[in-house]
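Participant:
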Amino acid sequence: MPELPEVEVVRRGLAAHVTGRTVSGVELSGSRVARRHVPGPEDLVARLTGQVLGEAHRRGKYLWIPLAAPDAADELPAEGLVVHLGMSGQLLVRPPGAPDERHLHARFDFADGGPQLRFVDQRTFGGLSLDRLDGRGIPAPVRHIAPDPFDPAYDRPTAVERLKARHSAVKRGLLDQRVVSGIGNIYADEALWRAGVHGERDSSTLTRPVLGRLLDHVRDVLAAALAAGGTSFDRLYVDVNGASGYFSRSLAAYGQAGMPCRRCGTPIRREAFMNRSSYSCPRCQPRPRRAAR
DNA sequence: CGTTCATCCTGAGAGC
DNA sequence: TGCTCTCAGGATGAAC
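Numbering follows the working numbering, with no gaps: position 148 of the first sequence is 251.
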C-alpha cells in the first residue's frame, strides 16, 4: 500500500528508534517473509543477530538498513537489511511484552532490552532480505530502481526523456519504478489530476514541457503528502508507532468517484486501468481519442 | 529490446 | 447469517 510518503514516514521512525541498536535476536514466523533472501530464513536470522543497525535509507518505496561496519570507522557498510512493505507491510516499534499482531512475520529483539522492531504484513507481498551494498551504498535489489524526486541523483531531464520515449499510457510510465520511483496508484492519479492530463494519453505524444510539469506535480504532491504524514484509509498504513497520516482528506481524484472536481465541479469518474482503478475529472482530463494502454 | 499480463496473499464490503 | 464476488497503497518474471 505505501507509496513514497508513507515509506518515508516509516524510514524516519526507524531512524529515530532503531539506529545504533544491537540486534540480540530475530524470530521469523514462517519462511515467506524471507523468500527473497536466497540463502534462506535461517541464514537471515543468523547473519542479523549481533549486528548494529545503521541509519535507514530509502529509494522510492524500498527501505534498507545498513549494518554498521564492525571494524574501521571509515569502512563503508558491506551489507544492508532490505525491506519492502508491498501492499500491506508495516514496521512497528513495540514493547517486548506486547501481544503478537495478527499478521506478525518478524520480530527483532535488541541487546538494550528496549522496544522490539516488528514486521507485520497482512498480504505478505512485502519481505526482508540481507544484501550486499555497492560502492554507493545501494543494495542489489534496489539497483534497477530509478532515483525518486527527492534523491540528489534525481535528474528531471532524464526522466522527461524516458517518458517521451515510451509508447504507452503516461500513467504506466509514472508507475514504472525504473523511470521515476516512489509513485503508486494514489499519487499517480493525484499528479495527473493536478496536471490536467488523462493517464491513458500516450506518453510519447505529450510535449516535454507537459511531461516536465507532470513530474513537478508528482514531486509536489509527494511532498504535501509527506508533510501530512501520508495517506491512511484504514489501520493498514500507520507509522512505526501505529499513528495514521491525514493526507486522505486532501485527495482530489483518487477514491473520489462521484464527488465534484475541486477545480470545475464535474463529478470525478472511475475507470478500469491495468487491473485496478483510475480516478480523473472528465472535464479537466479528457480521454484521448485513441487511448494508449 | 520494450510492453503487457498473471500471480503472489488476506480481508473488507457489497449484493443476494 | 453466510455465500460469492470484487477490490485494495506493489513488484516480478514470463510471454508476447
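All C-beta atoms in this analysis are idealised placements derived from N, C-alpha and C, irrespective of residue type, glycine included.
Got a sec? Which residues, its chain only, sit under 7 Å from Ala326 by beta carbon, not counting five neighbours each side?
Facilitator: For Ala326, where only same-chain residues beyond five positions count, there are no Cβ hits under 7 Å.
Participant: Shortest alpha-carbon distance to Tyr165 belongs to which of Val121, Glu109, Thr122?
Facilitator: Measuring from the Cα of Tyr165, the nearest candidate turns out to be Glu109.
Participant: To the nearest angstrom, report how far apart Ser335 and Ser347 are at their CA atoms.
Facilitator: Taking the straight line from one Cα to the other gives about 6 Å.
Participant: Rounded to whole angstroms, how far is the Cβ of Arg139 from the Cβ of Pro244, which I believe are closer than 8 Å?
Facilitator: Right, the Cβ-Cβ distance comes to about 7 Å (below 8 Å), so this counts as a contact.
Participant: Can you confirm whether the stretch 348-358 touches the stretch 292-310 when touching is taken to mean that 3 or more C-beta pairs between the two stretches lie within less than 8 Å?
Facilitator: Enough Cβ pairs lie closer than 8 Å, so yes.
Participant: Would DSSP call Arg316 helix, strand or coil?
Facilitator: The answer is helix: DSSP assigns Arg316 an H, G or I state.
Participant: Can you grab the Cα-Cα spacing for the pair Arg390 / Ala331, in whole Å?
Facilitator: The straight-line gap from Cα to Cα measures roughly 31 Å.
Participant: Which partner residues of Thr125 appear in the DSSP bridge assignment?
Facilitator: DSSP lists Val155 as partners of Thr125.
Participant: State the DSSP-derived secondary structure class of Ser347, mapped to helix, strand or coil.
Facilitator: Ser347 falls in the coil class under three-state DSSP.
Participant: Does the beta-carbon of Phe350 have 16 or more other beta-carbons within 10 angstroms, so that it is buried, or is it exposed?
Facilitator: Under this definition Phe350 is a buried residue.
Participant: To the nearest angstrom, report how far apart Pro202 and His208 are at their CA atoms.
Facilitator: If I take the Cα positions, the gap works out to 13 Å.
Participant: Excluding five sequence neighbours on each side, which residues of the same chain lie with their C-beta closer than 7 Å to the C-beta of Arg311?
Facilitator: Around Arg311: Val263, Lys267.
Participant: Helix, strand or coil for Val223 per DSSP?
Facilitator: Val223 falls in the strand class under three-state DSSP.
Participant: For the beta strand (DSSP E) that Val186 lies in, which residues bound it at each end?
Facilitator: First-last of the beta strand (DSSP E) with Val186: 182-187.
Participant: Any contact between the stretch 271-278 and the stretch 221-236? By contact I mean 3 or more CB pairs, one from each, below 8 Å.
Facilitator: No: the two stretches stay apart, fewer than three of their Cβ pairs being nearer than 8 Å.
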